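Undergrad: One structure follows; several queries about it will come next.
There are 2 protein chains.
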Amino acid sequence: MSADNEQQAREQLIDLAAQFYDQFELGEIPHMDVPTRTKSNIEYDEDLDVWVYGDRTSTRSANSVRGARKLLKAVYTIEFLSDQLEQDRSSTLRELYYLSESWDNENAQFNDQDESNQLVEDLEIVSGATREDFHMRPEESGATIMGPLFLREQTRRGEREIHCQEDVGEGGYQIPNNPDTIEFLDSDAEFILCVETGGMRDRLVENGFDEEYGALIVHLKGQPARATRRITKRLHDELDIPVTVFADGDPWSYRIYASVAYGSIKSAHLSEYLATPEAQYIGIQPADIVEYDLPTDPLSDSDINALESELEDPRFQTDYWEEQIELQLDIGKKAEQQALASRGLDFVTETYLPERLEAMGVL
Amino acid sequence: MSADNEQQAREQLIDLAAQFYDQFELGEIPHMDVPTRTKSNIEYDEDLDVWVYGDRTSTRSANSVRGARKLLKAVYTIEFLSDQLEQDRSSTLRELYYLSESWDNENAQFNDQDESNQLVEDLEIVSGATREDFHMRPEESGATIMGPLFLREQTRRGEREIHCQEDVGEGGYQIPNNPDTIEFLDSDAEFILCVETGGMRDRLVENGFDEEYGALIVHLKGQPARATRRITKRLHDELDIPVTVFADGDPWSYRIYASVAYGSIKSAHLSEYLATPEAQYIGIQPADIVEYDLPTDPLSDSDINALESELEDPRFQTDYWEEQIELQLDIGKKAEQQALASRGLDFVTETYLPERLEAMGVL
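Rendered as structure tokens:
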């Protein structure tokens, strides 16, 4: 599965280099067309339920010294990535940037890491492959899973078969940087519960929520890493079970939900790979603050600004979010996940989550 | 091992409550003496090679309404912790804060989380136990281990025996919040290598450095969590092998090293539990920047200030650190771990680390 992607990614990279070659042969100035990555060139794909780039493209052309240097760097990077895939090795974005210092052509060396990061994104978009297919590892590591899932991970040291309750410690199964090396062998899970904070993740595991309700508990660790979003999407698609997101009741946590469900505008080319538009928000909802009379903090000015800008954000333009955000602006309060402990340590697993999951039709 | 600590912690908490009772009976105003936690009451313990509190104490007394409320909160907290230990449950500091809202005496409720955190620290110091012995989980989770180590973790769901190379995926073994639930069964490890960044940790694992050199690779993930420092100390003490710290070559990373080796002044009561004074710094050293001609960034003003304040910090008052810090101020440059990739992806595992480990007498 994963080896195929990589073989394909390698071929697409080489095709790209071949294009430059053909352009030279035809007497054309070498160039590469990339979709324009601005807010005005982002469209909502109704069928896929994700954001994708529109039709506008920008051209990287060798018709200037600066442009020629950019293409030279692209060719060096393509060669590096192609060799890396052939040797079944991998590297980080930061290593690529530093590595360019060892390239023999000084004009091919990156000026800063923004430049190399941007080039790898361009190559992702143009080749239709992902950074992970190129064997570029993210810097940020993924989080953990605990729940009824038996999987096989293809590691560099051979296959590992791991049950995410029986073969792991209380810390759970550590998601590898490229979750496409994982095959799901068997699962009794009823749904996926993505949890923002470590304290709440640990509460759910201590209370045996995963065992009692057949929940796959995915720790998001704040804003989730690519690996965490990717595995969440694959779990949803391949196990065909609902995804729910459990976060603090403030605008920053709603963005965490949005990044799981819709991805970011900056990486619209990855939406199909990383986003789970079917993900539902469990809470903490502003309505919960009222209903369960939770301990709160007042909204700060930056909270209020963030909520107001969410009202303008197309990802939040649904009746549900408009109602919740307006309610929150109205009550002027926010609450954390762990505020549920004010009703006792078991309230979240015995009352709150079962009630919410039932109301959402998940249980 | 761990159950004993907890039984002892529970008894010490109850003794503390009994003290208040005795004070009442003797007609004394109830009070509790706590070591003064200021810089001037910190001393270097030459024997233990760690920082400990001096002889000065502060008294929390019920001779004012404010003082009486503090002791009432302490008694409620002691009752909660004692029940929690009896029921073999656990909770986070944040849950404790919220939970106080459910206590029937309004005067016992915490005003903010600083207050509850501070009280738990006081109880740690007075009882000589640790937060983990009270079953208070940290919010921040520990990082991961990869290497030749076979361990048994006592989980709430039974024992798990895990080999940290053979039974884990590429992400490694996730350190639980309380590493004292772990027993080390067997290990061929020659030394421990604590690594600051995820990108470098992954490079070492990909290159099989743990297998080739018998290294236990502990990912620090920046400033290490308590669980990570605790397990590092236990690995050092129980396996009787050297600890080395591999970080970026800048003042913030030297602080990461110092937190592994010496702990922080704020938590001097935990030094014996968390600090590994034998830990050695591998690099990136300022001397490496010169010797290996690494790609660098110029020191910022805040870097320079941090280096200058390290020269005043007793934890850095050794010939080694003075020389390195002065060299760095002199060259005005810093370099990241991953800058070693400018010499090729294998330079770190084939050249840099073997040379450094040999120079340090570890290999």
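From first to last, the protein sequence lines are chains W and L.
The UniProt record's numbering numbers the first residue of the first sequence as 1 and each following residue consecutively.
The UniProt record's numbering numbers the first residue of the second sequence as 1 and each following residue consecutively.
The beta-carbon is built from N, C-alpha and C at its ideal position, and this holds for glycine as well.
This one's a predicted model, so the numbers in the text were calculated from it and none came from an experiment.
1) Could you work out which residue in W:S100, W:D202 and W:G208 is closest to A341 of chain L when comparing CA atoms only?
2) Are the C-beta of A247 of chain W and some C-beta of chain L separated by less than 7 Å?
3) When the Cα atoms are used, what is the spatial distance from Y213 of chain L to E326 of chain L?
4) Whose Cβ in chain W lies nearer than 9 Å to the Cβ of E206 of chain L?
5) Who are the near neighbours of F347 of chain W in its chain, counting only those whose CB is closer than 6 Å to its CB and skipping five residues on each side?
6) Rounded to whole angstroms, what's the CA-CA distance from Y262 of chain W to N178 of chain W? Just pull it up for me.
7) Does DSSP classify A268 of chain W as helix, strand or coil?
8) Measuring straight from C-alpha to C-alpha, what distance separates R203 of chain W and S102 of chain W?
9) Looking at the secondary structure, which residues open and close the beta strand (DSSP E) in which S58 of chain L lies?
10) Under 7 Å Cβ to Cβ from Q109 of chain W, same chain only, skipping five residues before and after it: list those, please.
11) Express the C-alpha separation of D49 of chain W and A129 of chain L in angstroms, rounding to a whole number.
12) Is residue 370 of chain L helix, strand or coil when you go by DSSP?
13) Hey, A287 of chain L and Q324 of chain L are a contact pair by Cβ (cut 8 Å); roughly how many whole angstroms apart?
14) Report the residue ranges of all beta strand (DSSP E) runs contained in full by the stretch 178–224 of chain L; include only those spanning at least 3 residues, in chain order.
15) Would you identify the three-state DSSP class for H236 of chain W, choosing helix, strand or coil?
16) Should V218 of chain L and T232 of chain L be called a contact, given that it needs their Cβ atoms to be closer than 7 Å?
17) Going by C-alpha to C-alpha distance, which of L:R343, L:L329, L:Q12 and L:R89 sits closest to E206 of chain W?
18) Return the first residue and the last residue of the alpha helix (DSSP H) that W252 of chain W is part of.
19) For A68 of chain W versus A62 of chain W, is the C-beta spacing smaller than 7 Å?
20) Taking the beta strand (DSSP E) that P148 of chain L belongs to, which residues open and close that run?
21) Let me confirm a value: D309 of chain L is counted as buried when at least 16 other C-beta atoms fall within 10 Å, else exposed. Which label applies?
22) Measuring CB to CB, does L151 of chain W end up less than 7 Å from F184 of chain W?
23) Please name the residue in L:E336, L:Q328 and L:R10 whose C-alpha comes closest to that of Q87 of chain L.
24) Here's a check: name, in chain order, each residue in its chain whose Cβ is nearer than 8 Å to the Cβ of M1 of chain W, leaving out the five neighbours to either side.
25) CA-CA distance, P295 of chain W and M200 of chain W?
26) I'd like the list of long-range same chain contacts for E139 of chain W, defined as Cβ closer than 6 Å, with 5 residues on each side in sequence excluded.
27) Quick check on S302 of chain L: does DSSP put it in helix, strand or coil?
28) Does any residue of chain W bring its CB to less than 7 Å from the CB of S102 of chain L?
29) What in chain L is Cβ-close to R230 of chain W, meaning under 9 Å?
30) Any C-beta of chain W sitting closer than 7 Å to the C-beta of A341 of chain L?
31) Cα separation between Q154 of chain L and K39 of chain L?
32) Return the chain-ordered list of same chain residues with a C-beta closer than 7 Å to the C-beta of R60 of chain W, the five sequence neighbours on each side being excluded.
33) At what residues does the beta strand (DSSP E) containing I282 of chain W begin and finish?
34) Of all the residues that make up the stretch 163–195 of chain W, which are near chain L by a beta-carbon distance shorter than 9 Å?
35) If you drop the 5 nearest sequence neighbours on each side, which residues of the same chain put their C-beta closer than 6 Å to that of G142 of chain W?
TA: Judging by the given coordinates:
1) W:S100
2) Chain L contact via Cβ: absent.
3) 32 Å
4) R89, S90, S91, R137 and R156
5) The answer, listed in chain order, is L340.
6) 20 Å
7) helix
8) 49 Å
9) T57 to S61
10) S100, E101 and W103
11) Each residue's alpha carbon lies about 53 Å from the other.
12) With chain L covering 1 to 363 only, the question about residue 370 of chain L has no answer from this structure.
13) Indeed, because the Cβ distance is near 6 Å, the residues count as touching under 8 Å.
14) 182–187, 191–195 and 215–219
15) helix
16) yes
17) L:R89
18) P251 to A261
19) yes
20) Where P148 of chain L is concerned, there is no enclosing beta strand (DSSP E), given that its DSSP letter is neither H nor E.
21) In the sequence as displayed, the identity of residue 309 of chain L is Ser instead of Asp. S309 of chain L comes out exposed.
22) Yes, they are a contact pair.
23) L:R10
24) Below a pLDDT of 50, predicted positions are generally treated as unreliable, and M1 of chain W, at 41, falls in that range; the measurement from the model is reported next regardless. Spatial neighbours of M1 of chain W in its own chain (CB-CB distance under 8 Å, excluding positions within 5 residues in sequence) are listed in chain order as D180 and E183.
25) 16 Å
26) T92
27) helix
28) yes
29) By Cβ distance, chain L contributes nothing, its closest Cβ being about 14 Å from R230 of chain W, past 9 Å.
30) Interface with chain W (7 Å Cβ-Cβ cutoff): A341 of chain L is included.
31) 38 Å
32) So the qualifying residues of the chain are H31, M32, V34, G67, K70 and L71.
33) Q280 to G283
34) Within the stretch 163–195 of chain W, the residues whose Cβ lies closer than 9 Å to some Cβ of chain L are Q165, E166, D167, V168, G169, E170, G171, G172, Y173, Q174, I175, P176, N177, N178, T181 and I182, listed in chain order.
35) I175, A225, A227 and T228
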